[in-house]
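Read the structure below first, then the notes.
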Amino acid sequence: MNAYYPNPFDFVPFSKQEIILKTVEEWKEIDTALVSGTMQIEIEALTPVHSVGKQTTNGIGQEIKKSYFNQEGASRVIPAKSIKGVLRSFIEAACNCRLAELTPYYTRESKYRGQRLESRKRHYALAAVAEDEIDLKTNERDGDFRIYNAIPENFRGTIDNEGKIDLATYLFGFASEDEKHGGHSSRIAIPDAVVSPTDFADYDLVDIPEKAFMGSPNPNLRKWWYFEPHVLVWRWSGRFKTFDFIGKNFRGRKFYYHQDWKKCIDTYRAENDALYPYSVECLKPGAKTKPFEIEFKEIPLKLLYLFLWALQPAKKIRHKLGYGKPLGFGSVEFHVSNLKFNTPKYPGAWKPEEGLQERILKEAPWTKEKLSQTIGSEYFDFDSLHKLARILTFEKSAIGEDASNPGQNILFKYPPAANRQGFWCLVNADAVETALDDLGYDKPDENEELVVTEDAWELAVKLYNQNPTLHFEVFQQKANGYERLKLRTYENSL
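The sequence shown begins at 192 in the working numbering and counts up one residue at a time.
Shown next, in the form of structure tokens:
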């Protein structure tokens with residue numbers, strides 16, 4: 192295969208550490224100080240940010256003509272649930288929490304009522320933040336497709352039989368119909384972020400002239416892309432013998448890389464003239480939302496530190512929000528100011544010492560040692576934090592601002608899917624059998640499940656010229672720029 196770029200998203204693997212679960216009262220007791228108050232936030236766009244609102248189409252194949260920014264009443268806003276989703280997902284990954292957005296159903300569009308419905312019949316998916324592109328699409332032909340069942344069992348659900356929840360659920364809450372335990376209200380109240388009409392501009396995104404958004408393959412168990420390798424099964428495809436590469440466990444939590452949005456889109460268009468452009472209304476780079484207040488209610492001081500850290504994890508780590516993330520849109524920075532504590536309502540309650548607010552806002556850089564000392568090492572999965580740093584490191588040179596330092600200018604693109612090197616390429620059965628023989632495996636019988644978990648990497652390397660996209664990690668590590676990505680660590684992001 193010719194030289195190519197890394198895939199625009201990557202996975203933070205599920206931690207092997209035990210998830211810390213506590214009752215609400217036990218979470219309150221991790222610090223002697225329970226604090227309430229507010230902080231002022233502004234969200235700055237580092238690349239164009241688009242929160243999907245009304246969309247117009249050309250009526251032919253439903254191609255989008257214009258996508259307008261989300262609007263509530265007379266104001267354009269970034270919805271509170273989008274902001275909350277970004278921060279919660281980050282904390283869940285860094286602090287080894289369960290998957291709050293995991294549901295045993297996915298939403299589908301009703302052809303008859305024009306609305307999205309819950310579907311429990313055949314498919315399971317990870318719920319996406321409201322305006323995010325839902326690229327965890329399903330394949331109608333795969334009746335046994337189960338993402339939900341491929342998630343480690345200890346990462347499912349929000350509350351256990353003893354009424355215990357994880358750290359992120361304590362902070363952000365959950366709804367429950369369980370009469371025994373009920374739900375838990377959020378300790379962090381996040382409002383919509385209003386955007387001034389003068390801070391918008393129109394930008395072009397691109398898509399394929401079909402209903403489905405262009406991108407990576409559906410998360411099908413017959414691929415080692417979203418799923419960790421497990422078994423091989425050979426079968427007949429018409430007159431030809433072929434192998435299915437069956438996965439087992441979902442690879443982890445998905446996050447998108449930052450990149451030069453303009454260069455990325457120009458590269459797509461130069462390589463594929465079938466793509467069509469459409470206009471999206473965006474908060475333009477350099478512009479900020481209007482200031483808004485986040486309220487925190489009776490949380491341990493340690494977890495206030497943790498939430499502030501999540502807003503600004505490191506000098507080079509930034510979050511991604513909204514639509515168009517695979518193409519470089521949605522890179523944002525949270526600016527925090529004016530931290531205030533409420534006056535205690537009862538005698539003997541903890542009172543902040545003078546100047547504490549100012550000192551808290553100056554805590555950065557949050558080294559691993561400082562996180563451990565201030566909050567507690569037990570609340571972090573540092574392997575996950577290193578992987579988050581690799582994905583979410585934002586280099587100014589990566590958006591064309593530093594022409595003297597082109598070494599960091601890494602592009603990320605979906606692999607081609609419309610030719611023999613694409614996702615749907617059937618791997619030659621003779622090549623598979625030769626590779627298996629080289630690795631010491633006996634020739635499998637038809638429909639026999641041959642477990643190859645331990646040798647899947649070597650097998651994918653041997654079959655790389657047959658299908659480079661067979662194994663997600665092999666594909667990524669052979670991409671242009673991946674060696675530079677490996678240099679990204681949490682320490683290097685501070």
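Cβ atoms here follow ideal geometry from the backbone N, Cα and C, with glycine treated the same way. If you're wondering where the values come from, they're calculated on a predicted model, not measured in any experiment.
Distance between residue j and residue i (C-alpha atoms, nearest Å)
i, j, result
"Y570", "I221", "11 Å"
"V623", "R430", "17 Å"
"K213", "L225", "16 Å"
"K507", "R279", "19 Å"
"W648", "V665", "7 Å"
"L678", "R581", "8 Å"
"A461", "K454", "10 Å"
"R426", "L497", "51 Å"
"A465", "A359", "43 Å"
"I210", "A265", "43 Å"
"C286", "K219", "17 Å"
"Y400", "Y467", "A small fix is needed here, since residue 400 is Pro in this sequence, not Tyr. Cα to Cα, the separation comes out at about 7 Å."
"W415", "I551", "44 Å"
"D393", "L237", "15 Å"
"F200", "Y448", "6 Å"
"P476", "I255", "23 Å"
"T565", "Q208", "21 Å"
"D390", "K481", "10 Å"
"S376", "A366", "8 Å"
"G539", "H662", "59 Å"
"G672", "W557", "27 Å"
"D593", "K561", "Only weak support is given to the placement of D593: the predicted model assigns it a pLDDT of 45, under 50, and the question is left unresolved by the model."
"I381", "I456", "33 Å"
"W500", "V652", "40 Å"
"K438", "F346", "First, the residue type needs correcting, since residue 438 is Gly and not Lys in the sequence shown. Cα to Cα, the separation comes out at about 18 Å."
"I274", "R413", "34 Å"
"R509", "V385", "20 Å"
Residue i and residue j closer than 8 Å at C-beta
i, j, result
"T248", "A291", "no"
"F483", "I232", "yes"
"S522", "F573", "no"
"D351", "S470", "no"
"F418", "V618", "no"
"I485", "I379", "yes"
"K488", "S227", "yes"
"F603", "N340", "no"
"L654", "L630", "no"
"P687", "C473", "Any property of residue 687 remains undetermined from this structure, which presents the chain solely from 192 to 685."
"W541", "T229", "no"
"S206", "S575", "yes"
"K578", "V203", "yes"
"F520", "H241", "yes"
"L494", "L362", "yes"
Three-state secondary structure assigned by DSSP to residue i
i, result
"T520", "Here the sequence assigns Phe to residue 520, which means Thr is not the residue at that position. F520: coil per DSSP, three-state reduction."
"W427", "strand"
"T238", "coil"
"G276", "helix"
"H510", "strand"
"K653", "helix"
"V203", "strand"
"Y605", "coil"
"A318", "Any reading at A318 needs caution, since the residue's pLDDT is 33, under 50, leaving its predicted position unreliable; the model's value is listed next. Note: A318 maps to coil in three-state DSSP."
"Y681", "helix"
"K531", "strand"
"A392", "strand"
"Q306", "With a pLDDT of 44 at Q306, under the threshold of 50, the predicted position of this residue should be treated as unreliable, though the coordinate-derived value follows. Of the three classes helix, strand and coil, the one that applies to Q306 here is coil, per DSSP."
"V422", "strand"
"N619", "coil"
"G567", "helix"
First through last residue of the beta strand (DSSP E) which encompasses residue i
i, result
"Q246", "V243 to T248"
"Y447", "R444 to Y447"
Strand pairing of residue i, partner residues [DSSP]
i, result
"W415", "H662"
"S266", "E263"
"A380", "E486"
"T558", "Note: T558 sits in no beta bridge, so no partner."
"C473", "A392"
"Q548", "BP columns for Q548 are empty, so no partner."
"L466", "Note: L466 sits in no beta bridge, so no partner."
"E233", "H526"
"G438", "P420"
"P491", "L225"
"L641", "L423"
"K213", "I356"
First through last residue of the alpha helix (DSSP H) which encompasses residue i
i, result
"R460", "W452 to E462"
"S575", "F573 to L583"
"F363", "L358 to F363"
"Y673", "Y673 to L676"
Heavy atom of the ligand PLP within 7 Å of residue i beta-carbon
i, result
"Y681", "Within the structure as shown, the ligand PLP is missing, as the structure has no ligands at all."
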